[in-house]
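Right, one structure below, let's go through it.
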DNA sequence: AACAATAATAGTAACGATTACTGTGATTAA
DNA sequence: TTAATCACAGTAATCGTTACTATTATTGTT
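Protein chains in written order, with my numbering: chain D, 1 to 133; chain V, 134 to 266.
What follows is the structure, encoded as structure tokens:
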């Protein structure tokens, strides 16, 4: 495995992921980092997002509607997708609950369960407010 | 909303989804239905899979590695993705557990949670067998 | 500080999955 | 049987992502 070399672009991508709670798509990361590196390439963004995901410094989140999202929070946690506005939000369950779900699943399952990720669906508070006006 | 008309192609797609437990990709559905309708179009398969998903007769499953999978089982249940062989398997939790997770999540969340889907990761029993030989 | 080795980049082309378009054929209700 | 319209096959276009290549940046060594 080749040694990892520092790059300012990767650092900028990491910082953006760390500071945002938006679960941006690769393109959204690109548009942001472009402000600091006007001629960064979209391929560079993808390569680094995948690299960060591989070394455990980012998480890739698949949703049924469109491209993957990326998250700088790597501790186990879950997500909520609003059916109305499409926003992806963090949703924390306490550690115990997370582990319980995995244990419960393991009882009904014939292999080894290492982790899990739950995507919740519904309507976010912002959309509820708007539709009740 | 336009009225739905019967089509033999859609019926064939539905039957395939109902009889398989493979969580096929759109392309896999295409290849299968092609046996019965040799000149069915891939676009027709996509259109019908999305239609069935919209009317609640199929489920679309997003995974972090590649294209979406489709499932004819529409009752709430979860899935397991084997990190070794990439197979996607059904994983059932009892109803009570499913609802408990949603309720638990609702306590920590500000919107309305209607449903959830958990993807478990790990190693399936087949891969465990193979690597222990 | 200069060098050599090599990882990372920008830019662009290619790719796979999915959707959109168009003219033709099938289904439906009258 | 007809008229309306939905669904189709075939194809082109789009979107998200990856691969390629020549150049630039980083790193360890003199």
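Glycine residues also receive a C-beta, built at the ideal position from the N, C-alpha and C atoms.
Residue-level contact to chain V via CB, residue i, 7 Å cutoff
i, result
"residue 131 of chain D", "no"
"residue 28 of chain D", "no"
"residue 124 of chain D", "yes"
"residue 18 of chain D", "no"
Residue i versus residue j: straight-line alpha-carbon distance, rounded
i, j, result
"residue 139 of chain V", "residue 244 of chain V", "38 Å"
"residue 325 of chain V", "residue 59 of chain D", "With chain V running from 134 to 266 in the structure shown, residue 325 of chain V is simply not present."
"residue 41 of chain D", "residue 102 of chain D", "39 Å"
"residue 229 of chain V", "residue 237 of chain V", "12 Å"
"residue 202 of chain V", "residue 159 of chain V", "7 Å"
"residue 190 of chain V", "residue 61 of chain D", "25 Å"
"residue 261 of chain V", "residue 89 of chain D", "35 Å"
"residue 135 of chain V", "residue 149 of chain V", "25 Å"
"residue 21 of chain D", "residue 162 of chain V", "37 Å"
"residue 157 of chain V", "residue 33 of chain D", "37 Å"
"residue 85 of chain D", "residue 233 of chain V", "26 Å"
"residue 76 of chain D", "residue 53 of chain D", "14 Å"
"residue 39 of chain D", "residue 152 of chain V", "51 Å"
Proximal residues of chain D, C-beta to C-beta of residue i below 9 Å
i, result
"residue 196 of chain V", "62"
Reference residue i, options the options, closest by Cα
i, options, result
"residue 107 of chain D", "V:208, V:232, V:253 and V:266", "V:253"
"residue 188 of chain V", "V:212, V:143 and V:257", "V:143"
"residue 65 of chain D", "D:81, D:15, D:2 and D:122", "D:81"
"residue 269 of chain V", "D:125, D:115 and D:24", "Coverage of chain V is limited to positions 134 through 266, which leaves residue 269 of chain V absent and any answer about it impossible."
Exposure of residue i, with buried meaning 16 or more beta-carbon neighbours within 10 Å
i, result
"residue 31 of chain D", "exposed"
"residue 204 of chain V", "buried"
"residue 249 of chain V", "buried"
"residue 137 of chain V", "exposed"
Interface residues of chain V facing residue i [CB-CB closer than 9 Å]
i, result
"residue 119 of chain D", "195, 249, 250, 251 and 252"
"residue 91 of chain D", "238, 241, 242 and 246"
Proximal residues of chain D, C-beta to C-beta of residue i below 7 Å
i, result
"residue 245 of chain V", "122, 123 and 128"
"residue 230 of chain V", "104"
Short CB-CB distance (under 7 Å) between residue i and chain D
i, result
"residue 183 of chain V", "no"
Partners in chain V for residue i, counting only beta-carbon separations shorter than 8 Å
i, result
"residue 37 of chain D", "Neighbours of residue 37 of chain D on chain V: none; closest Cβ ~27 Å, over 8 Å."
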